[in-house]
Amino acid sequence: MSTKKYQFWFLVGSQDLYGEETLNQVERNSHIIADDLNKSGVLPWEVAYKDTLKTANGVTALIKAANFDDNCAGVITFCHTFSPSKMWINGLSLLQKPWLQFHTQFNEEIPNEAIDMDYMNLHQSAHGDREHGYIGARMGLRRKVVAGYRFDVGTLERIAKWMRASVGAAFSRNLKVMRFGDNMREVAVTEGDKVESQIKLGWQVNTWSVGQLVEYMDSVTDSEIAAKLAEYRRKYTFSEPDTETIRYQAIEEIAIRKMLDEQDCSAFTNTFENLYGMRQLPGLATQNLMSQGFGYGGEGDWKVSALTAVMKAMTKDKPGGTSFMEDYTYDMKNGISLGAHMLEVCPSIADSKPNIEVHPLGIGGREPPARLVFEGKARAAIVASLIDMGTHLRLIVQDIECVKPTQTMPNLPVARVMWKPRPNLAIGAECWILAGGAHHTVLSYDCDAEIMRDWARIFDIEFVHITDNSDPVTLEKELQVSQLLRILNR
Ligand code: MN
Numbered sequence: 002m003s004t005k006k007y008q009f010w011f012l013v014g015s016q017d018l019y020g021e022e023t024l025n026q027v028e029r030n031s032h033i034i035a036d037d038l039n040k041s042g043v044l045p046w047e048v049a050y051k052d053t054l055k056t057a058n059g060v061t062a063l064i065k066a067a068n069f070d071d072n073c074a075g076v077i078t079f080c081h082t083f084s085p086s087k088m089w090i091n092g093l094s095l096l097q098k099p100w101l102q103f104h105t106q107f108n109e110e111i112p113n114e115a116i117d118m119d120y121m122n123l124h125q126s127a128h129g130d131r132e133h134g135y136i137g138a139r140m141g142l143r144r145k146v147v148a149g150y151r152f153d154v155g156t157l158e159r160i161a162k163w164m165r166a167s168v169g170a171a172f173s174r175n176l177k178v179m180r181f182g183d184n185m186r187e188v189a190v191t192e193g194d195k196v197e198s199q200i201k202l203g204w205q206v207n208t209w210s211v212g213q214l215v216e217y218m219d220s221v222t223d224s225e226i227a228a229k230l231a232e233y234r235r236k237y238t239f240s241e242p243d244t245e246t247i248r249y250q251a252i253e254e255i256a257i258r259k260m261l262d263e264q265d266c267s268a269f270t271n272t273f274e275n276l277y278g279m280r281q282l283p284g285l286a287t288q289n290l291m292s293q294g295f296g297y298g299g300e301g302d303w304k305v306s307a308l309t310a311v312m313k314a315m316t317k318d319k320p321g322g323t324s325f326m327e328d329y330t331y332d333m334k335n336g337i338s339l340g341a342h343m344l345e346v347c348p349s350i351a352d353s354k355p356n357i358e359v360h361p362l363g364i365g366g367r368e369p370p371a372r373l374v375f376e377g378k379a380r381a382a383i384v385a386s387l388i389d390m391g392t393h394l395r396l397i398v399q400d401i402e403c404v405k406p407t408q409t410m411p412n413l414p415v416a417r418v419m420w421k422p423r424p425n426l427a428i429g430a431e432c433w434i435l436a437g438g439a440h441h442t443v444l445s446y447d448c449d450a451e452i453m454r455d456w457a458r459i460f461d462i463e464f465v466h467i468t469d470n471s472d473p474v475t476l477e478k479e480l481q482v483s484q485l486l487r488i489l490n491r
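Every position in the sequence shown, counted from 1, becomes a number in our numbering once 1 is added.
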């Protein structure tokens, strides 16, 4: 699941009119811009300067090459001079990679003495990038536009977010999800059109039997279990009397991991309603797998499982953490949502070393499973939910502020996170419910709404963002307009 190899191709627009000397200068400056972007330390992946484009054939050839190169996660364009847009039409109509238009300039300031008409013709992006922007708009192509100077950290951070979204898109196009059994009976929001999800997002979602997993569990060796228990001891605290139960979770984890690896899957689901032949619902097993980057969704929720894996892949280098999550219960007086799940919350979001505990589940009729218990971190985060509207997919993201849990809750036997939804609990929940957001979400301290918006734009998915400024009346109108546009464009 490495995302290290990716590059972003830097394509510089120009034309033949300026003569060799000017075009050589454009080329040298473009190398410098790419080098400065790479040296900034802000961008998570490399910018690779490719060429200064002067002809339609040149544009088309380079865009075809970008499409074909698995390491190219997106293209960044910048018109150092004027670059007539008709020469870009054939190439852009073929573009299959995410596109960012970087509206910048080689020099930050206008040199009072040095400026003459030669200078004007060389440093012409104010002019050239407008022509370039027109053709993007005219062709209705999805792209992110970022304007700013290359040493401005805010500008670079916006490019970095788009890079994360683009790598998330590349990851999506190769993502395989393993389902053990179907989803929880009668539940609607965990359903969805798997064929449409594959057409739109590339997700390959298929089912394996729980019986096969049990066979894999039977073949797990003592030395494999010993190694897994040593890993648990290193990462978590637990009391020795529980070792047999924990050992069973180790067997489950090893067996699930083997099947995931054999099928090249990066995410999985299961359900407490289909554990035939298993003594415990995987709790600790699932939590430890999530902490290694695997996506997970409870009750057969493959959409949230895949989204968890995507959001983890986009932010592998970040320390905050990302987890499958569920709005469980409220502190209405203080405007706080308590998020948890029956077991499966990822320890990457833990505030301190998690403790392995064994408690009855109270649902599903199996043995009490071992699980990790901890509190989430107190800091800003988002929750995200992808739902299937029948006609299209909708991604809903809400800004939240996680807080130190206001109570110790000594009898609550699961990992827990408490947060204040934006703009507040009541309005935030009204907006969320109006938009149809699920009870299952991905909670992330590392992804933000801009990354998710960029990711949704790449796939042309409806995006709803609940912020400090949201209100249900405006949101209802926005959703109606969005619905109308989809009907008109059909
Ligand atoms: Mn659930």
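In this text, a Cβ means the ideal position worked out from N, Cα and C, and glycines have one as well.
Residue j beta carbon less than 7 Å from that of residue i
i    : j    : result
E300 : M185 : yes
A286 : E245 : no
P348 : S292 : yes
L387 : A457 : no
E368 : Q288 : no
T53  : V27  : yes
D194 : D70  : no
R159 : D37  : no
K51  : L12  : yes
L157 : S41  : yes
V359 : S324 : no
A439 : V211 : no
Y249 : I357 : no
K55  : S15  : yes
H104 : A138 : no
E267 : L362 : The residue asked about is misnamed: residue 267 is Ser in this sequence, not Glu. For S267 and L362, no; Cβs fall outside 7 Å.
G284 : L344 : yes
Identity of the residues DSSP links to residue i by a beta bridge
i    : result
L101 : I77 and K145
W209 : F181
L12  : D52 and T78
C403 : W420
R395 : I388 and E463
A268 : V178 and G296
E47  : Q8
Spatial neighbours of residue i in its chain, beta-carbon cut-off 7 Å, leaving aside the 5 residues before and after
i    : result
H466 : V398, A450 and R454
S173 : L202, G203, W204 and V311
I252 : M218, V221 and I226
I459 : P99, R143, A166, S167 and A170
A256 : L214, Y217, M218 and V221
R487 : T392 and H393
Residues near residue i in its chain [Cβ-Cβ closer than 6 Å; skip 5 each side]
i    : result
Q102 : T78, R144 and V146
W89  : V60 and I136
N271 : F181
I462 : L394 and L396
Same chain only: Cβ atoms within 8 Å of residue i, ignoring 5 sequence neighbours per side
i    : result
Y135 : S86
N72  : K6, Y7 and Q8
N68  : L95, L96, Q97 and K98
W209 : M179, R180, F181, M260 and Q264
N490 : none
P473 : I428, E431, C432 and L435
I383 : V398, Q399, D400, I401, L444, S445, C448, D449, A450 and M453
Inset, instruction - Would you list, in sequence order, the uninterrupted alpha helix (DSSP H) runs of no fewer than 4 residues that lie entirely inside the segment 225-254? - result: Counting only runs of 4 or more residues that sit fully inside the segment 225-254, no alpha helix (DSSP H) segment turns up.
Inset, instruction - Would you check if the segment 156-175 and the segment 41-60 touch, i.e. whether three or more CB-CB distances between them fall below 8 Å? - result: Judged by pairs of C-beta atoms under 8 Å, the segment 41-60 touches the segment 156-175, as three or more such pairs exist.
Legend entry - At least three beta-carbon pairs within less than 8 Å, the segment 209-220 to the segment 397-413: Verdict: no, contact absent.
Inset, instruction - Would you check if the segment 316-333 and the segment 434-447 touch, i.e. whether three or more CB-CB distances between them fall below 8 Å? - result: Under the 8 Å Cβ criterion, the segment 434-447 counts as touching the segment 316-333, having at least three qualifying pairs.
Inset, instruction - Give a yes or no on contact between the segment 342-354 and the segment 371-390, applying the rule of three or more CB pairs nearer than 8 Å. - result: Three or more beta-carbon pairs drawn from the segment 342-354 and the segment 371-390 are found closer than 8 Å, and the two stretches are therefore classed as touching.
Inset, instruction - Check whether the segment 266-284 touches the segment 174-193, counting contact only when three or more Cβ pairs, one atom from each stretch, lie closer than 8 Å. - result: Between the segment 266-284 and the segment 174-193, the count of C-beta pairs closer than 8 Å reaches three or more; the two stretches touch.
Inset, instruction - Count the CB pairs spanning the segment 82-99 and the segment 120-132 that are closer than 8 Å, and state whether there are at least three. - result: Yes, they touch.
Inset, instruction - Just list the alpha helix (DSSP H) runs in the segment 432-461, keeping only unbroken ones of 4 residues or longer that don't cross its boundaries, in chain order. - result: Contiguous alpha helix (DSSP H) elements confined to the segment 432-461 occur at 450-460, taking only those with 4 or more residues.
Inset, instruction - Check whether the segment 303-310 touches the segment 411-424, counting contact only when three or more Cβ pairs, one atom from each stretch, lie closer than 8 Å. - result: Not touching, per the Cβ criterion.
Inset, instruction - State whether the segment 414-421 contacts the segment 330-346, with contact taken as three or more CB pairs (one from each stretch) at a distance under 8 Å. - result: They touch, by the three-pair rule.
Legend entry - beta strand (DSSP E) runs wholly inside the segment 320-386, at least 3 long, in chain order: Runs of the beta strand (DSSP E) inside the segment 320-386: 323-332, 337-340, 356-359 and 371-374.
Inset, instruction - Can you check the segment 103-162 for any alpha helix (DSSP H) of at least 4 residues that lies completely inside it and give the ranges in chain order? - result: Within the segment 103-162, the complete alpha helix (DSSP H) runs of at least 4 residues are 118-123 and 126-139.
Inset, instruction - Considering only heavy atoms of the ligand ZN, list every residue whose Cβ is less than 6 Å from one of them, following chain order. - result: The ligand ZN is not part of this structure, which contains only the ligand MN.
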